[in-house]
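Q: There's a structure below that I have some questions on.
Residue numbers (the working numbering): 801 to 897.
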C-alpha cells in the first residue's frame with residue numbers, strides 16, 4: 801500500500817478529510833501526480849501556473865500534487881519564475897539536484 805502524505809490539517813473541517821480520501825482512493829491523486837512528474841521531467845524549471853495550463857488542470861490541483869511529489873523527494877523547488885504577473889517557484893525533478 802502506498803503511504804500518502806496528509807493533505808489536510810487536523811483542525812480542517814471534516815470535508816477536507818473526506819475530499820482527501822476521495823481523491824486518494826479514486827486514483828486521481830496518483831494520476832495527477834504522475835502527469836505533473838512527467839511534465840516536469842520533459843519541461844524542467846516550469847512554475848505551477850505553466851504546469852497547470854499545459855495539463856489542463858487547476859492551479860489548486862497542481863499545487864497539491866506538487867506538494868505530494870516534494871514530500872516523496874521526487875521534485876524540488878529552485879528559482880523563481882512568473883506566471884500571469886505572480887511570482888512562483890520553479891519546479892525540477894530530483895535528477896537535476
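Every residue, glycine too, gets a C-beta built ideally from N, C-alpha and C. Only a predicted model underlies this, so the values are computations on that prediction, with no experimental measurement involved.
In terms of alpha-carbon separation, which member of 878, 816, 848 lies closest to residue 895?
A: Looking at the Cα atoms, 878 is the closest of the given residues.
Q: Determine which residues share a DSSP beta bridge with residue 847 and list them.
A: Looking at the DSSP assignment, residue 847 forms a beta bridge with 890.
Q: Who pairs with residue 839 in a beta bridge, going by DSSP?
A: In the DSSP output, where bridge partners are listed per residue, residue 839 has none listed.
Q: I'd like the list of long-range same chain contacts for residue 867, defined as Cβ closer than 6 angstroms, with 5 residues on each side in sequence excluded.
A: Answer for residue 867: no residue qualifies.
Q: Just to check my reading of the structure: residue 892 and residue 844 have Cβ atoms closer than 8 angstroms, yes? What is that Cβ distance to the nearest angstrom?
A: That pair is a contact at about 5 angstroms.
Q: Could you check which residue in 853, 847, 846, 857 has the C-alpha nearest to that of residue 831?
A: It is 857 whose Cα lies nearest to the Cα of residue 831.
Q: Report all residues from its chain with a CB closer than 6 angstroms to the CB of residue 886; omit the five preceding and five following residues, and keep chain order.
A: Correct list: empty, nothing qualifies.
Q: I believe residue 875 touches residue 818 by the beta-carbon criterion, under 8 angstroms. Please report the beta-carbon distance rounded to the nearest angstrom.
A: Actually they are not in contact, since the Cβ atoms of residue 875 and residue 818 sit about 27 angstroms apart, beyond 8 angstroms.
Q: Is the beta carbon of residue 859 less than 8 angstroms from the beta carbon of residue 849?
A: Yes, these two residues count as a Cβ contact at 8 angstroms.
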